[in-house]
Amino acid sequence: EDKVVQSPLSLVVHEGDTVTLNCSYEVTNFRSLLWYKQEKKAPTFLFMLTSSGIEKKSGRLSSILDKKELSSILNITATQTGDSAIYLCAANAGGTSYGKLTFGQGTILTVHP
Amino acid sequence: KAGVTQTPRYLIKTRGQQVTLSCSPISGHRSVSWYQQTPGQGLQFLFEYFSETQRNKGNFPGRFSGRQFSNSRSEMNVSTLELGDSALYLCASSFLPSGGPLNEQFFGPGTRLTVL
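Protein chains in written order, with our numbering: chain A, 1174 to 1286; chain B, 73 to 188.
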């Protein structure tokens, strides 16, 4: 069965700190890994990483896929209180896994002023 | 471009009743996936529809069903509600012009279902 594990489950930092969130996956016929940010509403798409795109960056956020270690990290530099949210990692398998994302438990990030 | 919309946003039902939730994908998106989110289990995949066909289904009982219409709008139905069905139900749409591998999924705001 496909599995995604995130760590840490929660993290408390102060504004300006840099954080690294981890995600490991065990997915048959792995195709892509996605990161989402969830506040008190729907998950918001951040990045999708695939074999042809193992590193993505957007502003203070960046993500890397390590296909050898079956893992990914999400980095947030110069954190702000608005970064407080649940960060979700999800993996997609190829083949007949149409439309299916397997999600990790999420990392709850709290950024204090 | 409008995002994914879901109706209703909140629902309160009693055990044994049935419920229908609606999802309108982003214009041009033909793939719609449904997820159940609970504090204990997190986000779990229910099913995916593309061009009015269910292509994939998660490990949920047959009480959970869905369908997709020709305009890509989708509905999911839960019959004989149980207390454990209380959850946030999220739908996500994806632009798959040829129905190929998963692309980015964009989520709607969800329907919060409470079963009493």
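Think of the CB as a built atom: it goes at the ideal place given N, C-alpha and C, for glycine as much as any other residue.
{"Item": "Counted within 10 angstroms of its Cβ, other Cβ atoms place A:Asp-1239 as buried (16 or more) or exposed", "Value": "exposed"}
{"Item": "Under 9 angstroms between C-beta atoms of A:Ala-1258 and B:Val-76", "Value": "no"}
{"Item": "Proximal chain B residues relative to A:Phe-1203, where beta-carbon distance stays under 8 angstroms", "Value": "Simply none; closest approach about 11 angstroms."}
{"Item": "Chain B residues whose Cβ lies nearer than 8 angstroms to that of A:Leu-1207", "Value": "Glu-176 and Gln-177"}
{"Item": "Proximal chain B residues relative to A:Gly-1279, where beta-carbon distance stays under 9 angstroms", "Value": "Gly-114 and Leu-115"}
{"Item": "Residue environment, A:Lys-1176, which counts as buried when at least 16 other CB atoms sit within 10 Å", "Value": "exposed"}
{"Item": "Minimum C-alpha distance to B:Phe-136 - residue among B:Gln-177, B:Lys-85, B:Asn-175 and B:Val-91", "Value": "B:Val-91"}
{"Item": "Limits of the beta strand (DSSP E) - the one that B:Gln-109 falls within", "Value": "103-110"}
{"Item": "Min CB distance A:Pro-1181 to chain B below 9 angstroms", "Value": "no"}
{"Item": "Sequence-distant residues of its chain with Cβ nearer than 6 angstroms to B:Glu-124 (five each side left out)", "Value": "Gln-140"}
{"Item": "Ranges of the beta strand (DSSP E) found wholly within the stretch 1235-1270 of chain A, counting only runs of at least 3", "Value": "1244-1249 and 1258-1266"}
{"Item": "A:Ser-1244 beta carbon near the ligand FAD (any heavy atom closer than 8 angstroms)", "Value": "This structure does not include the ligand FAD; it has no bound ligands of any sort."}
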